[in-house]
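Per the numbering used here, the very first residue in the sequence shown carries number 7; after that it's consecutive. Idealized CB from N, CA, C, for every residue including glycine. These figures come from a predicted structure and were not determined experimentally.
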Amino acid sequence: MTESTLYNQQIRGLKKEISDAEVFLIRDKGELRSVTLEVTKRCNFRCVYCYASENPAKLAGRDNLTLADFKRIVAEGIELGAQLINLTGGEALLYEDIFELIEYIYRQDADILLFTNGIAINDEVAHRLFDNHCSLCLKLDSLEKSKYEYFTGFNGLENTKRLIDKLLKLGYNEPGNPTLEINAIATKANTAEIPIIWRWARERNIKPTFTRFWPVGEAAKNLDLLLQPDELKKLYEEAARIDNEFGVPWEVKFPGCGGVGCKNFYLDCAISSEGYVRPCPCIQIYDYLIKGATLKEIIAHSELFQKTRYIEKYIKGDCKNCEYLSKCYGCRSIAFGLTGDMFAPDPLCWHNSQCYKHQE
7 MTESTLYNQQ IRGLKKEISD AEVFLIRDKG ELRSVTLEVT KRCNFRCVYC YASENPAKLA
67 GRDNLTLADF KRIVAEGIEL GAQLINLTGG EALLYEDIFE LIEYIYRQDA DILLFTNGIA
127 INDEVAHRLF DNHCSLCLKL DSLEKSKYEY FTGFNGLENT KRLIDKLLKL GYNEPGNPTL
187 EINAIATKAN TAEIPIIWRW ARERNIKPTF TRFWPVGEAA KNLDLLLQPD ELKKLYEEAA
247 RIDNEFGVPW EVKFPGCGGV GCKNFYLDCA ISSEGYVRPC PCIQIYDYLI KGATLKEIIA
307 HSELFQKTRY IEKYIKGDCK NCEYLSKCYG CRSIAFGLTG DMFAPDPLCW HNSQCYKHQE
């Protein structure tokens, strides 16, 4: 698979291509293509944009699902057509049974994408991840030591850069091997640096991405970090310009790296470490517990998933009337975080005539 193909993924980390038309056929059949498991809320970073810095002891006590629960969820997801299992946290590698879970998923012939800050990856861990064909999305918000520490609360930039070199030497991103990508959270504090990170990654055959700042959890206390729509548009345009230089062309029509909008509402479901089933891991609602129900039952019969999977019927305002609705429904976690309504128009999209403006 070429890098150009990878950048047209409907779901990051999924190796098999899905066309725009197939997205809605999969949705209409009640199927999934990915499942996102938050395996723990524990984290060894204290990021300014993440709820994990709220109260580590309190958060750790909310890990209620067992390894058997996670295995059951994986099996049910695969039965519904899931081809990719995302593993998140907290810091996923702090979960005590993480390798037993990874090895189980690998035996089911599903793709694995693990989101990590990388601090727990030593030589042994790197080899175990690689041997189980576990792709990685590595956090990298800055290449400047002071900014890295500001974002994460941890002095680990040089370790992260050495880890990237180690993973590439091990064989990550070589044809047929698991992939390594890096992700930055785009904020006021690092917007000028993201193009530098982008080019730095491309020069090393690493797929770069950035994620818009989600105003949920701890991040809701730091709204001064939010980029405004015009700033975000310029950032996407600069990333696209750099990618064009590297032979990975894409157009900026709406928010989304690679010119691809979020498809999680159609193709994914997320399960928190407490056991709550959600259409997006960043939309922290507490309506449906996986214990006592199956994924199929919740997706097929719950009001929540009937509305989110058919969001074009329920989305509001400029998003509902947007020419790009079939390809992008905006960021629902941003809408939820800033308005309390996951169906509100994306407050930070440049197509929205009523854009959110943070009052300093």
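Rounded separation between E257 and T197 - CA only: Locating residue 257 in the sequence shown gives position 251, where the first residue counts as 1. Locating residue 197 in the sequence shown gives position 191, where the first residue counts as 1. Spanning the two alpha carbons is a distance of roughly 20 angstroms.
Residue from G83, I188, R208, E106 whose Cα sits closest to the Cα of F121: Start at 1 with the first residue of the sequence shown, and residue 121 comes out as number 115. Checked all of G83, I188, R208, E106; the closest Cα to F121 is I188.
Any 3 or more C-beta pairs closer than 8 angstroms across the region 72-92 and the region 105-117: yes
Three-pair Cβ contact test at 8 angstroms for the region 206-218 versus the region 229-249: yes
Whole-angstrom distance between F157 and H1, CA atom to CA atom: No information on residue 1 is available, as it lies outside the stretch 7 to 366 that the chain covers here.
T72, buried or exposed, once every other Cβ within 10 Å from all chains shown has been counted against 16: Stepping through the sequence shown from its first residue, residue 72 is reached at position 66. Per the 10 Å Cβ criterion, exposed.
Where H357 falls, given that 16 or more other Cβ within 10 Å makes a residue buried: For the purposes of this step, residue 357 is taken as residue 351 along the sequence shown, with counting starting at 1. Under this definition H357 is a buried residue.
Within 9 angstroms, strictly: CB atoms of R205 and L174: To locate residue 205, count along the sequence shown from 1; it is residue 199. To locate residue 174, count along the sequence shown from 1; it is residue 168. No.
Reduced DSSP secondary structure (H/G/I, E/B, other) of E82: Here residue 82 is taken as the residue at index 76 of the sequence shown, counted from 1. Looking at E82 - three-state DSSP - the assignment turns out to be helix.
T11 versus G265 - alpha carbon distance: One-based indexing of the sequence shown puts residue 11 at position 5. One-based indexing of the sequence shown puts residue 265 at position 259. Any reading at T11 must be qualified, since the residue scores a pLDDT of 40, below 50, and its modelled position is unreliable; the value itself is stated next. Cα-Cα distance, rounded: 12 angstroms.
Boundaries of the beta strand (DSSP E) in which K145 is found, first to last residue: As a position in the sequence shown, residue 145 is number 139, starting the count at 1. Counting along the chain, the beta strand (DSSP E) containing K145 begins and ends at 140-145.
Reduced DSSP secondary structure (H/G/I, E/B, other) of R284: Position 278 of the sequence shown, counted from the start, is the residue given in the question as residue 284. R284: strand per DSSP, three-state reduction.
Chain B within 9 angstroms of E164, Cβ atoms only: In the structure shown, chain B does not exist; there is a single protein chain.
Whole-angstrom C-beta distance between Y55 and A225, which should lie under 8 angstroms: Counted from its first residue, the sequence shown places residue 225 at position 219. Counted from its first residue, the sequence shown places residue 55 at position 49. Going by Cβ atoms, the distance from A225 to Y55 rounds to 4 angstroms, so yes, they are a contact pair.
S148 versus G162, C355, L176, residue with shortest Cα-Cα distance: Counting from one through the sequence shown, the residue named residue 148 turns up at place 142. With distances taken between Cα atoms, S148 lies closest to G162.
Cβ distance (whole Å) where E44 is taken to contact G95 below 8 angstroms: Indexing the sequence shown from 1 puts residue 44 at position 38. Indexing the sequence shown from 1 puts residue 95 at position 89. The pair is a contact, with the Cβ atoms about 6 angstroms apart (cut-off 8 angstroms).
Collapsed DSSP secondary structure at I17 in the structure displayed: Your numbering for residue 17 matches position 11 in the sequence shown. If DSSP states are grouped into helix, strand and coil, I17 belongs with coil.
The region 309-322 / the region 269-279 touching (three or more Cβ pairs under 8 angstroms): Three or more pairs of CB atoms, one per stretch, sit closer than 8 angstroms, so the region 309-322 contacts the region 269-279.
Cutoff 6 angstroms; reference E244; Cβ partners in own chain excluding five residues on either side: Start at 1 with the first residue of the sequence shown, and residue 244 comes out as number 238. Around E244: P201.
Own chain partners of G19 with C-beta closer than 7 angstroms, once the 5 adjacent residues on each side are dropped: Reading the sequence shown from its first residue, position 13 is the one you call residue 19. Here G19 has L90, N92, D117, L119, S141 as same chain residues with Cβ atoms under 7 angstroms from its own Cβ, once five neighbours each way along the sequence are excluded.
Sub-9 angstroms separation of L100 and T166 beta-carbons: Numbered from 1 along the sequence shown, position 94 holds the residue referred to as residue 100. Numbered from 1 along the sequence shown, position 160 holds the residue referred to as residue 166. Contact flag unset, no.
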